[in-house]
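Numbering (UniProt numbering), first residue to last: 1 to 78. The C-beta atom is built at its ideal place from N, Cα and C for all residues, glycine as well. Structure first, then comments.
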């Protein structure tokens, strides 16, 4: 399965290994059914329009990469 970072301006994508320098890994988005509060925080931090990223379209294929995940972990990873 292709993994792509959901963060606003990040272009990390497993289809393009040249963009994954430095051992970039992908962290799965928190699922709304198990942790709605954290999921909503991450959606807000991504900075994408509601039509592109919202609770209804969070599923198994949503990730943020370790290039930007420090933003998430420093602000909302409890």
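Cβ contact annotation for residue 63 (same chain, cutoff 8 Å, sequence separation greater than five): 3, 4, 5, 6, 26, 27, 28 and 29, in chain order. Secondary structure within the UniProt domain "THAP-type" (5-66): the alpha helix (DSSP H) runs of 4 or more consecutive residues, fully enclosed, are 36-46 (chain order). A contact between stretches requires three or more CB pairs, one per stretch, nearer than 8 Å, and the segment 48-59 fails this requirement with the segment 13-22. Between the alpha carbons of residue 67 and residue 42 lies a gap of roughly 15 Å. Shown here, residue 71 sits in a helix according to DSSP, grouped into three states.
Each of 24, 31, 19 and 23 was checked against the Cα of residue 54, and the nearest Cα belongs to 31. Between residue 46 and residue 58, the C-beta gap is not smaller than 8 Å, which leaves the two residues out of contact.
For residue 35, same chain residues with a beta-carbon under 7 Å away, outside a window of 5 residues either side, do not exist.
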